[in-house]
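Okay, structure first, notes after.
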Amino acid sequence: MSQAQVRETINEASGTVFRPGLEGVPVTHSSICDIDGLQGNLSYRGYSIQELAAKSTFLETTYLLIWGELPNPQQLRDFEAEVQMHRRVSFRVRDMMKCFPATGHPMDALQSSAASLGLFYSRRAIDNPQYIYDAVVRLIAKIPTMVAAFQLIRKGQDPIQPRDDLAYSANFLYMLTEREQDPLAARIFDRCLILHAEHSLNASTFSARVTASTLTDPYAVVASAVGTLAGPLHGGANEDVLAMLEEIGSPNNVSAYLDDAITNKKKVMGFGHREYRVKDPRASILQDLAEELFARFGKDEMYDVARELEAESASRLGPKGIFPNVDFYSGLVYRKLGIPRDLFTPVFAISRVAGWLAHWREQLGANRIFRPSQIYTGSKSRQWIAPSERTTTEGS
Ligand code: SDX
-2 MSQAQVRETI
8 NEASGTVFRP
18 GLEGVPVTHS
28 SICDIDGLQG
38 NLSYRGYSIQ
48 ELAAKSTFLE
58 TTYLLIWGEL
68 PNPQQLRDFE
78 AEVQMHRRVS
88 FRVRDMMKCF
98 PATGHPMDAL
108 QSSAASLGLF
118 YSRRAIDNPQ
128 YIYDAVVRLI
138 AKIPTMVAAF
148 QLIRKGQDPI
158 QPRDDLAYSA
168 NFLYMLTERE
178 QDPLAARIFD
188 RCLILHAEHS
198 LNASTFSARV
208 TASTLTDPYA
218 VVASAVGTLA
228 GPLHGGANED
238 VLAMLEEIGS
248 PNNVSAYLDD
258 AITNKKKVMG
268 FGHREYRVKD
278 PRASILQDLA
288 EELFARFGKD
298 EMYDVARELE
308 AESASRLGPK
318 GIFPNVDFYS
328 GLVYRKLGIP
338 RDLFTPVFAI
348 SRVAGWLAHW
358 REQLGANRIF
368 RPSQIYTGSK
378 SRQWIAPSER
388 TTTEGS
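Listed below in structure tokens is the structure:
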């Protein structure tokens, strides 16, 4: 019986309930992010995602997520200045990235280079608030530089150094595309980073908390989370949505595509969510950002396919609580910003580092190593048999 088929099992010994994928099972107390999946509400430290995406900046939201309060002007200036000062990445890391195969996926390059940061900074000083602050600054500052660096390295070019006269998002787009972006594009990208920064105990954040609970260093925590985010059921979906829209090709083909997906139980990428039973509030904001970009820089021809797919799915997937999630429109925004498709998930990681670090710090505040139990379904009390006496069925 596959995990998906097993809905719920009671553990006779302890009387506890097994739920596949820990669906609905709380594994920690947290004050970072609140989601109301029935109403479609999302807030970071009590501030609605709509207000933060409209009025805040990614670095201000990062500070809020990690330290729990909006920074005062001096705190924000100091944090921005520290992040700006630490954007550069050691030549050793850049040289290491030059040894990566150019055909490798940028998420694997990011996971390797994020983990390598642990080699440069002392480990296990995690009871020291200054160490925590410094690690947060380094990771928030260096992850975008590493994503942009691999993009240029795999094209056979030398990475571009960060520009201190550009703010966080404008600087990333500059390092990635080799040209200074329109201020509207940089602002819209910064709002995308706010939208993707945190989402309670999604798979990669849970991975970060489990890794953090062993008291390892924050670079290993982030590398663990990056590897988890890369999966197509999680952060990797934003890449697949564009491929799906291009496969559909035209709004006229949407109905037939949906017929096939539903008949053959195929997942429609960018749809569905473990928490939301309505449209992901982030998808609505991303749709508005896409339309703002299209108004200025021209429309993406796949947008009409996406809107038709959302409209057609409302009556066919909606009754099952399956609606667009954060990944459905984000790829159209990123493509319009000139971001290559296989960098969509690394961009998700640039943003989600804020949430992972907030959960890392929270886990350290009240830590107990994660070690869940299981319901054993394997064989018992078997005797070892010499190879010559084994039939082909043993161990096959
Ligand atoms: C992210 O957790 C987070 O917060 C994640 C995230 C974040 O900010 O960190 O929001 C980011 O990961 C968004 C999700 C991106 N992934 C995708 O878009 C991939 C497509 N979506 C599905 O794989 C799925 O919806 C999940 C993984 C997102 C959620 O899966 P669940 O909650 O485990 O649901 P399930 O797979 O058990 O499906 C329940 C039912 C099944 O039908 P039945 O067998 O009961 O008849 O719903 C169906 C599924 O077939 N279903 C879908 C579907 N998603 C669920 N059917 C068609 N298309 C889909 N997308």
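Anchor point for the sequence shown: position 385 equals 382 in my numbering, and the numbering is continuous, going up by one each time.
Cβ coordinates follow ideal geometry from the N, Cα and C atoms, glycine included.
query	result
Looking only at its own chain, which residues have a Cβ that is under 8 Å from the Cβ of Ile282, when we skip the five neighbours before and after it?	Ile46, Gln47, Ala50, Arg188 and Leu192
Helix, strand or coil for Tyr273? Go by DSSP, reduced to three states.	coil
Does the beta carbon of Leu19 fall short of 6 Å from some heavy atom of the ligand SDX?	no
Are Asp324 and Pro103 touching if we call contact CB-CB under 7 Å?	no
State yes or no: is the C-beta of Asp324 nearer than 6 Å to some heavy atom of the ligand SDX?	yes
Give the C-beta separation of Ala217 and Thr225 to the nearest angstrom, bearing in mind that I take them to be a contact with Cβ-Cβ under 8 Å.	Actually they do not touch by this definition, with Cβ atoms about 13 Å apart.
Between the segment 164 to 177 and the segment 301 to 319, are three or more C-beta pairs nearer than 8 Å?	no
Decide if the segment 231 to 238 is in contact with the segment 325 to 333; the criterion is three or more beta carbon pairs, one per stretch, under 8 Å apart.	yes
Along the chain, which unbroken stretches of the beta strand (DSSP E) at least 3 residues long are found entirely within the segment 58 to 105?	none
If we call anything under 7 Å between Cβ atoms a contact, is Val275 one with Gly37?	yes
On the three-state DSSP scale, how would you describe Tyr41?	strand
Can you list, in chain order, the residues of its chain whose CB lies under 7 Å from that of Leu181, leaving out five sequence neighbours each side?	Arg293
Pull up the distance between the alpha-carbon of Gly318 and that of Ile29, whole angstroms please.	25 Å
Report the residue from Ser376, Glu20, Gly267 and Val219 whose alpha carbon sits nearest the alpha carbon of Pro229.	Gly267
Return the bridge partner residues of Pro321 from the DSSP annotation.	Phe268
Name the DSSP beta bridge partners of Thr6, please?	Phe15
Are Ala210 and Gln360 closer than 7 Å when you measure CB to CB?	As written in the sequence, residue 210 is Ser, which differs from the Ala given in the question. Result yes, Cβ atoms of Ser210 and Gln360 sit closer than 7 Å.
Is the separation between the beta-carbon of Leu173 and that of Ala145 shorter than 7 Å?	yes
Which partner residues of Cys30 appear in the DSSP bridge assignment?	Tyr41
Only counting runs of 4 or more residues, tell me where the alpha helix (DSSP H) segments fall wholly within the segment 216 to 303, in order along the chain.	234 to 245, 251 to 260 and 278 to 294
Which class does Trp381 belong to by DSSP, given the choice of helix, strand or coil?	coil
Please list, in chain order, all residues of the same chain as Asp31 whose beta carbon is under 8 Å from its beta carbon, the five residues on each side excluded.	Asn38, Leu39, Ser40, Gly43 and Ser197
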